[in-house]
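Following: one structure in structure tokens, then a few remarks.
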DNA sequence: ATTTTTGTCTAACAGCTGTTAGCTTTATAG
DNA sequence: CTATAAAGCTAACAGCTGTTAGACAAAAAT
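Chains as they are written, first to last, in this note's numbering: chain A, 12 to 208; chain B, 12 to 208.
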């Protein structure tokens, strides 16, 4: 078979990871075999190992890449001096856009991280916990400043993060409303549900 | 090994399905082997086949049982003459409670139905689509009656259904707030975000 | 033009997968 | 107490799993 065609500014490893993300999303990590992946890449299974060291490494790359994206974004937002409710909105909007634009990887990172193996598994669990706590404390601050309704902050986080993952259905639906409208609708419901009137 | 202990009013098959639901939730359908399941049930893998006909059948039972529960509930709610926004709230509360009380099966049904095989897969897809449409049309009615904000109804459905699945995090968290409070918090945010002021 | 590096291939491995056949043990019914 | 039915066991199957070794080919570097 022919060589893996790499697109400009990207390694062959990147091509493999992108195809893997698509398959992992469609069928799940465990149900995707290296031979499945190889076929999609246009190569024999053994050839993949010139670019990656194991199936698990692919999942690690996806999960940690995404985790870093979100972690560095929340730090950036938290460093501003916007009102808390605006911070929450910024974070929510970032989640929505990432889920729209970087769908496959974000989705996989969210659903399949359980299949990581230690030490990566523990590391990822810690990162996720830290992220949620950071998010919750922004909300908590908003509550104390009376910008946000007096509601259990971790519950708010849980609703926001999971609501966003519903964008998967949007991707699969035939008649998609425009992405901007989707974003505004979600913000409308979730942020208005939060605001202290 | 000893026999499968069945609890009163339940068959051995029910015991197997309950254990399977727990494992499918923890590790996913594909990553759970029949030998895993057998060990958890306290029996050899081959013995399971005296009670079930295949691994897939277990998933089918879980998924269709849950789908029927929700479908018959939405029909019951829709038959009342409550205001639309109250119908939405009733449906939301039912989802929350099911997710709290019947956690394993509801969660598995929601996350693992993709691993069903045809004709069950197509059937389940159709049922899910029908449910979402039914839910959306209740919301649409609420919009027309000015009870609910003018927002894309399918987007609302998507947010509600996915937000509820966040209750998984609640189950796994150490310091759980009481179930009733969780329910009120979720309703507070989601229904108030929806209501036309 | 030749060496070196990179990438792909085939063949094979050891272990796990769901499932079946056939035999034995335990519980139920007569 | 005996006959029947239900539930368990061991052993085995064919196919799939992730991964490695080693040979060959193409591309890059010298």
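Virtual Cβ for every residue (Gly too), placed ideally from N, Cα, C. Since the structure is predicted, the reported quantities are computational estimates derived from the model, not experimental observations.
query, result
"Beta strand (DSSP E) segments (min. 3 residues) lying fully within the segment 143-168 of chain A", "none"
"Proximal chain B residues relative to residue 204 of chain A, where beta-carbon distance stays under 7 angstroms", "200, 201, 203 and 204"
"Contacts of residue 197 of chain B in chain A (Cβ-Cβ under 8 angstroms)", "166 and 170"
"Range covered by the alpha helix (DSSP H) that runs through residue 181 of chain A", "178-183"
"With 16 other Cβ atoms within 10 Å as the buried cut-off, status of residue 60 of chain A", "exposed"
"Same chain, Cβ closer than 8 angstroms to residue 103 of chain B, five either side skipped, listed in chain order", "171, 175, 197, 198, 201 and 202"
"Residue 177 of chain A: contacting residues in chain B (beta-carbon distance under 7 angstroms)", "169, 170, 172 and 173"
"Those residues which DSSP pairs with residue 104 of chain A across a bridge", "Looking at the DSSP assignment, residue 104 of chain A forms no beta bridge with any residue, so it has no partner."
"Residue 195 of chain B to residue 161 of chain A span [Cα, whole Å]", "12 angstroms"
"Contact set between residue 163 of chain A and chain B, taken where Cβ atoms lie within less than 9 angstroms", "188, 192, 193 and 196"
"Interface partners of residue 42 of chain A on chain B, CB under 9 angstroms", "39, 40, 41, 42, 125 and 126"
"Inter-residue spacing [alpha-carbon to alpha-carbon] between residue 137 of chain B and residue 154 of chain A", "42 angstroms"
"Chain A within 7 angstroms of residue 180 of chain B, Cβ atoms only", "yes"
"8 angstroms contact criterion, which residue 69 of chain A and residue 28 of chain A should meet: CB distance rounded", "6 angstroms"
"Between the CA atoms of residue 125 of chain A and residue 40 of chain B - distance to the nearest angstrom", "13 angstroms"
"Members of the segment 139-162 of chain B near chain A, C-beta cut-off 9 angstroms", "143, 160 and 162"
"Buried versus exposed call for residue 165 of chain A [16 or more other C-beta atoms within 10 Å across all chains shown]", "buried"
"Touch test, the segment 81-91 of chain A against the segment 141-152 of chain A, Cβ-Cβ under 8 angstroms, three pairs minimum", "yes"
"Endpoints, the alpha helix (DSSP H) within which residue 114 of chain A is located", "114-123"
"Contact check, residue 209 of chain A vs residue 177 of chain B, beta carbons under 7 angstroms", "Nothing can be reported for residue 209 of chain A: it is not among the residues displayed for chain A, which extend from 12 to 208."
"Terminal residues of the alpha helix (DSSP H) in which residue 93 of chain A lies", "No alpha helix (DSSP H) holds residue 93 of chain A; DSSP gives it neither H nor E."
"Which listed residue (B:159, B:26 and B:190) has its alpha carbon closest to that of residue 100 of chain B", "B:159"
"Length of the line joining the Cα atoms of residue 146 of chain B and residue 208 of chain A", "28 angstroms"
"Inter-residue CB distance, residue 156 of chain A and residue 95 of chain A (contact presumed, cutoff 8 angstroms)", "6 angstroms"
"Start-to-end residues for the alpha helix (DSSP H) that takes in residue 29 of chain A", "23-38"
"Beta-carbon proximity of residue 110 of chain A to residue 119 of chain A, cut-off 7 angstroms", "no"
"Start-to-end residues for the alpha helix (DSSP H) that takes in residue 49 of chain A", "45-52"
"Short Cβ contact (7 angstroms threshold) for residue 35 of chain A with residue 123 of chain A", "yes"
"Cβ neighbour criterion (16 or more within 10 Å) applied to residue 30 of chain A", "buried"
"Buried/exposed call for residue 90 of chain A, threshold 16 Cβ in 10 Å", "exposed"
"Inter-residue Cα distance where the pair is residue 131 of chain A and residue 148 of chain B", "44 angstroms"
"Rounded C-alpha distance that separates residue 53 of chain A from residue 38 of chain A", "19 angstroms"
"Cα-Cα separation, residue 114 of chain B to residue 23 of chain A", "42 angstroms"
"Whole-angstrom distance between residue 135 of chain B and residue 80 of chain B, CA atom to CA atom", "13 angstroms"
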